[in-house]
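> First the structure, then my questions, so here it is.
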Amino acid sequence: MKKQVVIIGLGRFGYSLAEALFSMGHQVLAIDTDEKKVQNIAAHITHAVQADATDESVLRKLGVTNFDVAVVGIGSGIQHSVLCTILLKKLGVKYVIARAENELHGSILEKIGADKVIYIEHEMAAKIAHQLNFPEAADYVSVAPSYGVAKLVGIPRFVGVSLGDLGFSQRTKGGAVALLLRREKEVIVTPDPSEIVAHGDTLIVSGNDDEIERLLARPVVTRKEEKERKD
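Just so we're aligned, residue 73 is where the sequence shown starts under our numbering, counting upward by one.
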């Protein structure tokens, strides 16, 4: 379902988020006090306005109460971020996401009613760490301590090898599970271990970080090859 989203603050985070949401078909209103930033993004989203989002009358005039989601992406000045969040909740915006600079800032935002608090620097640092840990993964999302979901795209040595021989399974404790395999327009949910990986396939896998790292690092040996070696 497409939403109406207002984004306050056009730093790198706010600007990128506004463009991404608009490209997905959402209606996006961006607000910033910097005229140049507003002009730069105006042609790439639904509407952009140069205004002070810490002024309640301005927010009312812009009709933020009609929006499904508000994102407070102000990157500098905790006072402005907090005031803006308070006003959005006061005006009845259903869901407010606020960016925090640190733990104290985040704690304040939670106490004044922010529905979700995000720590961009923390999340980016964690993402970079995982990219270094899993260089072959196109993307990685941590879902619990030492456990995550990885997106594997076009790994040459996987082509022509079954998921079972690669070490992935449908269900396992502490190991790596192949959740989904996308092949062109076809999507296979929980693919069978006998499924052979083809060129261009995308794999979504989950598991313990150590197990995913081990599977990505080890040489590919099929069961047939392993049997021949033993013989």
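Virtual Cβ for every residue (Gly too), placed ideally from N, Cα, C.
Return the first residue and the last residue of the alpha helix (DSSP H) that residue 187 is part of.
Here residue 187 is taken as the residue at index 115 of the sequence shown, counted from 1. Note, residue 187: premise wrong, no alpha helix (DSSP H); not H, not E.
> Contact between the region 150–169 and the region 194–201: three or more CB pairs below 8 Å?
no
> Smallest Cα separation from residue 123: which of 132, 108 and 104?
One-based indexing of the sequence shown puts residue 123 at position 51. Residue 123 has its Cα closest to that of 104, out of 132, 108 and 104.
> Around the C-beta of residue 262, are 16 or more other C-beta atoms found within 10 angstroms, so that it is buried, or is it exposed?
Translated into the one-based positions of the sequence shown, residue 262 becomes position 190. Exposed, since its Cβ has fewer than 16 Cβ neighbours within 10 Å.
> Is DSSP giving residue 234 helix, strand or coil here?
The residue you call residue 234 lines up with position 162 of the sequence shown. Residue 234: strand per DSSP, three-state reduction.
> In terms of alpha-carbon separation, which member of 267, 255, 212 and 109 lies closest to residue 241?
By one-based count along the sequence shown, residue 241 stands at place 169. Closest option to residue 241, Cα to Cα, is 267.
> Would you mind reading off the limits of the alpha helix (DSSP H) that contains residue 286?
Taking the first residue of the sequence shown as position 1, residue 286 is located at position 214. First-last of the alpha helix (DSSP H) with residue 286: 281–289.
> Assign residue 298 to one of three DSSP states: helix, strand, or coil.
Along the sequence shown, read from residue 1 onward, the residue named residue 298 stands at position 226. Low per-residue confidence applies at residue 298: pLDDT is 49, beneath 50, and the placement is therefore not dependable, though the value from the model is reported in the following sentence. In the structure shown, residue 298 sits in a helix (DSSP, three-state: H, G or I).
> What is the DSSP secondary structure of residue 163, counted as helix, strand or coil?
The residue you call residue 163 lines up with position 91 of the sequence shown. DSSP places residue 163 in coil when its eight states are reduced to three.
> What whole-angstrom Cβ distance do residue 284 and residue 206 have, given they're in contact under 8 Å?
In the sequence shown, counting from the first residue as 1, residue 284 sits at position 212. In the sequence shown, counting from the first residue as 1, residue 206 sits at position 134. Yes, residue 284 and residue 206 are in contact; Cβ-Cβ is about 6 Å, under 8 Å.
> Whose C-beta lies closer than 6 Å to the C-beta of residue 187 among residues of the same chain, with five residues either side of it excluded?
Looking up residue 187 in the sequence shown gives position 115. For residue 187, where only same-chain residues beyond five positions count, the Cβ hits under 6 Å are 167 and 168.
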